[in-house]
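Here's the structure, in C-alpha cells; my notes come after.
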Amino acid sequence: MVKGYRTLAWSIHAIIIIMCFASTAQARYYLQDKLGYMITETEALYLTPTALYAEVVSATWLQGNNAYIDVITDTNGRRRTLADILPADHISATYLQSVTNAFITNSYLTSITPIYISGMAVDTTGKISSTSTYMGMGEAEDDDYTDGLWVSINGETKIGTMMDRINEVLGSLAPSAAPALDDVDIDTNGETSDITWDAGDALGGYANVTGIGALGAVNVDGSFADSGDRAGVIATAIDTTGTLNEDVAADADGAYPANAFGNADQGDLKLEVNGVVVRTIDLTNASAVDDGTATSGFDISASTSVEFPNSDPFDVFKYRTGSWRIDSGDANLTNGWNYVKVTHTISGSDTDTNYVDWVVDDDTTDTTYSSDALQNLVMGYSGAEPYLSGVRYFETGVANYVIDIDNAFRNTYKTGDAITFIYSGGTVSNQSLGNSGGNQALQKAVDEVFTVSTSRKLNASITCKTEVDRTFNTNESNDPSDTKTITGLLQDPYIHSSPTQDDNTEGFDAEGYRQESTFDITDVTYASGTGNGVSMWDATESLVGADAGHNDGLLVYNDALRYPKEGALSGDFSSVSNGPAANPDYSAAAGERTYIRYFYDASSRSNFRLGISVSGCTWVAASNIGGLASTECACEILAPNTTQDVGATVEFKDMKTAYTDDDSIGAYASAFGSSIPDTWGGTIGTRSTSTSGNVLVIRLTIGADWTGNISHIEMTFL
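Just so we're aligned: 393 in the numbering used here is position 329 of the sequence shown, and the numbers increase by one with no gaps anywhere.
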C-alpha cells in the first residue's frame, strides 16, 4: 500500500511536468518508428508557426515502398490526408518512392506524433493557424488501447480528452486539497442587547451599526445579537478572537484537519479591522506564526502537506489552521460598532472571508432605584370563609409593587425580561425595559401586581425588591435595605382545599371529625366521612367564649394540636395586623383542655392500634385528669353506648391502664402494640363497634399552659 501511494505521487508529478512542457508556444514533432521510439535525436524536427517543410517526408528519412503517415486531425475532429496538410509539390516521386491514395504506407515510420500545439492548428495549406486544437495521441506502444481503463480510445483520441480522464482518475486517488480561506467566525461571546443610538439619534463617540457584507444595519432599539457572525455587545476591555475557515470539517480520508485552509504556502494573509489592515503575513514562509496576546494578529500553524490515508505526505497541496485576534487596546477599535475580515491574496488576486462584528459599550453607570413600595394589600377568600378553632383565615391576596429605575438604558440594554423581582410570599411577573426611543437617560417606572401565594401564612410577611439585568452590570439589584415588606398576614388555603384527614387519619389542618366536649356518649348515629358525628364541632366558636362545648378545647393551628396560647402572637389573633377582623384573643386561655374526634370502620371491631406523633408530652393515666401538669397528657377511648363500667354506665376507657375485663377502666393491650404512643395497642374486650355506630372516639386531655404539640393520629382497626 505504501509503495502504491508513493508510485502514484511520482506519476502525478510526471504528468504535471508533461503538461507544463506541452503548453509552450513552439511545439515539437517527433518521427517515430512502429514501436513508438524516435528514429534519432538529430532527426527530430521542430515545426515553427511558418510552414511545414518538405524534409518531413524526404526520401532521406522515409525508406521503403508503400510507407504511410498516420496524420493528425483538424479542429473539427476530421481525419486529414497527407495532401490536406502538405503542399502538392511536396508529394512527388522525387521525395516519395511510392504514394498510395496520398498516404505513405508500410514504412518503418508509423506517424508524425504531435505532443501538443498550444493555441495553434494546421490548416489545409500546410500553414499553422491560430485556432486551438488537441491532436491525436498516436498508436499505443503495444498496438492496443483496449487493455486499459477506457476501451473506447484509439490513436486518434484527443490528447486533451485523455489528459482530462487521467486528471479525473488522479483527482480521485490523490489526497484532497484543503478549501480556500473564505470563512471566519467569532469565538468571543458578548451579550445580546438592544442599542440606544443610530445615525438619527447619534451617541457621542459611538460608531453607528451601518452594516457591511451580509451583516445588516441595527437602529435605535434594535437587537444586536450574540449569534452567528455577530458577537453581541462586549466590554471595551475584552479581546476579540475567531477561527479561520471555521466551517471546514476534517477531510474524511484524513488529508487535512478541521478548519484547514489551502494554498497555505502562497501569497499574503491580511487581517482587517474597521477597514484598516492591522497585520499581514507572508505565507511563502512555511513557519508557524504566533502574534501572542499583546497585539492584534494571527496564530497559525506551519505550512503542512496534505496526507494520504496511510499518513504519507503529498506536498503538492499545503494547508494551515489558525485563528485571528483583535487586541482590546487596538487603536482602530471604537466604542459602538466594530467589524473584521481576513483576506488571502495570491498573485494579486484577493479571496475575502465573510465579515464578523460586535459592539463595544464601555458605559458602566450604575443602575439607581427610587420611590419603591409594596402597598395596597387586599386579602380575600376563594369561597366560604375558612375557620379553625374559632380563628378566621384569609385564602387569597394581591398588592401593588412600584419602583422607578434609572440608567438601565446606558448605552445598550438587555432584551427580554430584563427586570426581575426578588420576592417572598408571592410572585411578581418579570417584565422588559421596553424601548429607549434613543434616550439613554430614560427612567423606567414599574407598577406591577404582587400576587400573594396560596400558602399558609401565620402572621407572616411578603417582600419584594427589583433586579435589572444590565449588559455588563449584570443582575444589578437595589440595595437589600430597600426590600419592601408587608407584615402580619394570616392565611390558610388548606382548610377547604386539601385537609389531611379521613375516617382513620387526623392531620390537624381541619376539624371535620371533631366533636364538642359535651357530645352525647350514648348516641350511636355516626357514619363515614366528615360531619357525621353526633354533636359536631363548630370551627367558628371561640375557645374562650361562652359555649361550654368549645371553651375547653385545644387549638388546631399550623398542622398540629396546640394549647391556645401557642398560636400567633401568643394566641392573640386579634392583633395580627393583616388578618381578618374580629378574631379572638387566646393569650389568656387557662386550665386543662381537650380534643375529641371519632374514627370510623364499617366492620365490627374490638381491637385497635393508635399511632400518635407528639412532642413535649408525658402520657399519664386518666385518673390524673383535673391535676395534670403542663407537660402531661391523658388519652381515653370510647365506643359510644358500648364501653361501660360494672354498673352498665357508658364511660371512656383509659389507654394508659391495661385492660383486665370489659367493666374495668383499662383499655391498653400490649399484644396489639406496646410502644406508646407510636404503636399503642388497645381493646374494648368482648364488646365491639357493632353496637357503637362503627366508631371509636378518642379524647385527649392536656395540662394547662402546655407548650408541646400533636401533629398526627392514625387509628388502625384490627
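For each residue, glycine too, the CB sits at the ideal point set by N, CA and C. Given the structure is predicted, the values throughout are model-derived calculations rather than measurements.
* Straight-line Cα distance separating Asp665 from Ser592 -> If I take the Cα positions, the gap works out to 8 Å.
* To do: Give me the Cβ distance between Gly675 and Asp567, rounded to the nearest whole Å; I'm assuming they're in contact under 8 Å.
  => About 15 Å; that fails the 8 Å criterion.
* Asked: Assuming Asn671 contacts Ala733 under a Cβ cut-off of 8 Å, what Cβ separation, rounded to an integer in Å, is found between them?
  -> 7 Å
* Within this structure, are the beta carbons of Ile740 and Ile701 separated by less than 8 Å? -> A distance of 8 Å or more separates the beta carbons of Ile740 and Ile701.
* To do: Report the rounded CA-to-CA distance for Ile223 versus Arg229, giving the unit in angstroms.
  => 10 Å
* Under the three-state DSSP convention, the category Leu633 falls into -> Residue state, collapsed to three classes: helix.
* To do: Assuming Val284 contacts Thr535 (C-beta within less than 8 Å), just tell me the rounded distance between them.
  => Not confirmed; about 16 Å, so no contact.
* Taking contact to mean at least 3 C-beta pairs separated by less than 8 Å, is the segment 447-457 in contact with the segment 491-499? -> Counting Cβ pairs under 8 Å, fewer than three are found: no touch.
* What are the boundary residues of the beta strand (DSSP E) that Ile526 is part of? -> 521-532
* Compare the C-alpha of Asp427 against each of Ala686, Asn475, Asp416 and name the closest. => Asn475
* **Span separating the alpha-carbon of Val455 from that of Gly711** => Distance between the alpha carbons of Val455 and Gly711: 41 Å.
* Three-state secondary structure (DSSP) of Asp687 -> One detail in the question is off: residue 687 reads as Ser in this sequence, not Asp. The answer is helix: DSSP assigns Ser687 an H, G or I state.
* To do: Work out the CA separation of Asp573 and Ala654 for me, nearest whole Å.
  => Each residue's alpha carbon lies about 23 Å from the other.
* Is there contact between the segment 258-268 and the segment 316-326, where contact requires at least three CB pairs shorter than 8 Å? -> As far as the Cβ criterion goes, the segment 258-268 does not touch the segment 316-326, which means the pair count is below three.
* Asked: By Cβ distance, which residues of its chain are closer than 6 Å to Asn464, with the 5 residues on each side in sequence left out?
  -> Cβ within range, chain order: Gln439, Asn440.
* To the nearest angstrom, report how far apart Asp587 and Thr695 are at their CA atoms. => 33 Å
* Is it buried or exposed for Ser668, if we count other Cβ within 10 angstroms and need 16 for buried? -> exposed
* **Ordered list of beta strand (DSSP E) runs contained in the segment 563-615, each at least 3 residues** => none
* To do: Along the alpha helix (DSSP H) that carries Tyr558, what are the first and last residues, could you check?
  => Start and end: 558-561.
* Please classify Leu234: does DSSP put it in a helix, a strand, or coil? => helix
* To do: Using beta-carbon positions only, say whether Thr682 and Cys697 come within less than 8 Å of one another.
  => yes
* To do: Flag Glu310 as yes if its beta-carbon sits less than 8 Å from any beta-carbon of chain B, otherwise no.
  => In summary, chain B is missing from the structure at hand, where a single protein chain is found.
* Asked: For Asn396 versus Val312, is the C-beta spacing smaller than 8 Å?
  -> no
* To do: Go through its chain and collect everything with a Cβ distance to Gly461's Cβ below 6 Å, but skip five positions before and after it.
  => Met443, Val516
* Give me the Cβ distance between Ala271 and Asn418, rounded to the nearest whole Å; I'm assuming they're in contact under 8 Å. => About 20 Å separates the two Cβ atoms, so there is no contact after all.
* 8 Å Cβ shell around Asp355 - same chain, five flanking residues per side excluded -> Arg343, Gly361, Phe362, Asp363, Arg389
* Tell me, please, which residues DSSP counts as bridged to Ser434. => Note: Ser434 sits in a beta bridge opposite Asp468.
* To do: Answer with buried or exposed for Ala735, where buried requires no fewer than 16 other C-beta atoms within 10 angstroms of its C-beta.
  => Here Ala735 is exposed: its Cβ has fewer than 16 other Cβ atoms, across all protein chains shown, within 10 Å.
* To do: Ignoring anything shorter than 3 residues or poking outside the segment 266-303, list the beta strand (DSSP E) runs there in chain order.
  => 294-298
* To do: Can you say whether Gln507 is buried or exposed, counting buried as having 16 or more other CB atoms within 10 angstroms of its CB?
  => exposed
* **Beta-bridge partners of Asp511, as assigned by DSSP** => Val466
* **Reference Glu203, options Pro239, Thr221, Trp214, closest by Cα** => Thr221
* Assigned secondary structure, Asp311 (DSSP; H/G/I helix, E/B strand, else coil) -> Coil at Asp311, not helix or strand.
* Near Ala299, which residues of its chain fall below 6 Å by C-beta distance, leaving aside the five closest residues on each side in sequence? -> Phe536
* To do: Return the first residue and the last residue of the beta strand (DSSP E) that Gln555 is part of.
  => 548-555
* Please list, in chain order, all residues of the same chain as Leu279 whose beta carbon is under 6 Å from its beta carbon, the five residues on each side excluded. => Tyr419, Asp421
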